[in-house]
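Before any comments, here is the structure.
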Amino acid sequence: MRNQLSLAQIHGAQNKDLAAITAVLGVLETRVTWHASQQASTGGRLDHGLAEDLEQEARLAAWLAIENFRGESVAEFMAYAEQTIYGTLADKRREATRAGASAQTSKDFEAALRVAGGDPYEAERLCVDPPAGLRRLKPETAWAARVAWQGVISLDAPQADGTTLGDRVAATVGVPADLVTDSDRAQLRRATIRSHVHAALDRMGPQQRHVLKADYGISPVALYGDESTDEELATDMGLTERQVRQARYLGRGRFEELYLAGSHDLAA
12 MRNQLSLAQI HGAQNKDLAA ITAVLGVLET RVTWHASQQA STGGRLDHGL
62 AEDLEQEARL AAWLAIENFR GESVAEFMAY AEQTIYGTLA DKRREATRAG
112 ASAQTSKDFE AALRVAGGDP YEAERLCVDP PAGLRRLKPE TAWAARVAWQ
162 GVISLDAPQA DGTTLGDRVA ATVGVPADLV TDSDRAQLRR ATIRSHVHAA
212 LDRMGPQQRH VLKADYGISP VALYGDESTD EELATDMGLT ERQVRQARYL
262 GRGRFEELYL AGSHDLAA
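With this note's numbering, you'll find the sequence shown wraps up at 279, consecutive numbering, no jumps.
Set out below in structure tokens:
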């Protein structure tokens, strides 16, 4: 992709040269559609309406990338364009899918989620009583951010049918509402995290997903453990050890991106 562009074309596009604009936008179009599809997909299901909206936003972001780029190479431009398009669409997806939480609040929650090691309930607590580096949120705002991050699998979210937290926890853990205990709530917390882990893995490429599952023994892949077993894992996958390490490196970054993004329709 990068070899299809020259720095002169990028500068030409910045100077409103029509041929250069056409060339640069033509190269970026594949990234526009890819990012829009990724941000509009959950659990392998594409929201076509959202994807169309995000494509328009991504094209505007591509224009901004062209106008604002100040680097000195095609590689720098492509990296800058990727970052601009992704950042724009991530914000738009938050706005479209997280009712009850603003884009800034969602970002604050994601920052807390990193500190909390992926535990949304601990992240909510950290938002209310934050350590250095995190922004303080009101308790009701932190709650809304967690519920929005969890999506419809959240058993706290208000429902039109009038169900209560106790009713919905009870339905999940299989005990009467008036007998729900702290242990039951802890079980719900684990189930919530597990659901989001699997949802994020499901959206990854097959090689990256398999390597990460092997690292942690996530069913149906056996536990291979640390990187000392890369030779065995590579043999089983029909890959080289270098390909396994690359899949792990890229997969960890992709998993973090998907997990922190949350989901609005995991149970759909």
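Glycine residues also receive a C-beta, built at the ideal position from the N, C-alpha and C atoms.
Cβ atoms of residue 137 and residue 123 come within 8 Å of each other, at about 4 Å. When only Cα atoms are considered, residue 45 and residue 206 end up about 25 Å apart. By the 16-neighbour rule on beta-carbons within 10 angstroms, residue 86 is exposed. In the three-state reduction of the DSSP assignment, residue 52 falls in the strand class, which pools E and B.
By the C-beta density criterion, residue 224 is buried, having at least 16 other C-beta atoms within 10 angstroms.
Cβ neighbours of residue 48 within its own chain (closer than 7 Å, five residues either side excluded): 57, 62.
If one requires a minimum length of 3 residues, no beta strand (DSSP E) run lies completely within the region 18–70.
Rounded to the nearest whole angstrom, the C-alpha separation of residue 134 and residue 147 is 11 Å. Given a length threshold of 4 residues, each whole run of the alpha helix (DSSP H) inside the region 68–108 is given here in chain order: 85–108.
Cβ contact annotation for residue 211 (same chain, cutoff 7 Å, sequence separation greater than five): 266, 269, 270, in chain order. Excluding sequence positions up to five before and after residue 219, its CB lies within less than 7 Å of the CB of 258, 261, 262, 265, all in the same chain and listed in chain order. In the three-state DSSP reduction, residue 215 falls in the coil class, being neither helix nor strand.
In this structure, DSSP gives residue 235 a state outside helix and strand, which the three-state scheme calls coil. For residue 104, the number of other beta carbons within 10 angstroms of its own is at least 16, and it is reported as buried.
DSSP places residue 146 outside both helix and strand once states are collapsed to three, so it counts as coil. Counting only the Cα atoms, residue 161 lies some 27 Å from residue 43. Between residue 30 and residue 77, the gap from beta carbon to beta carbon reaches 8 Å or more.
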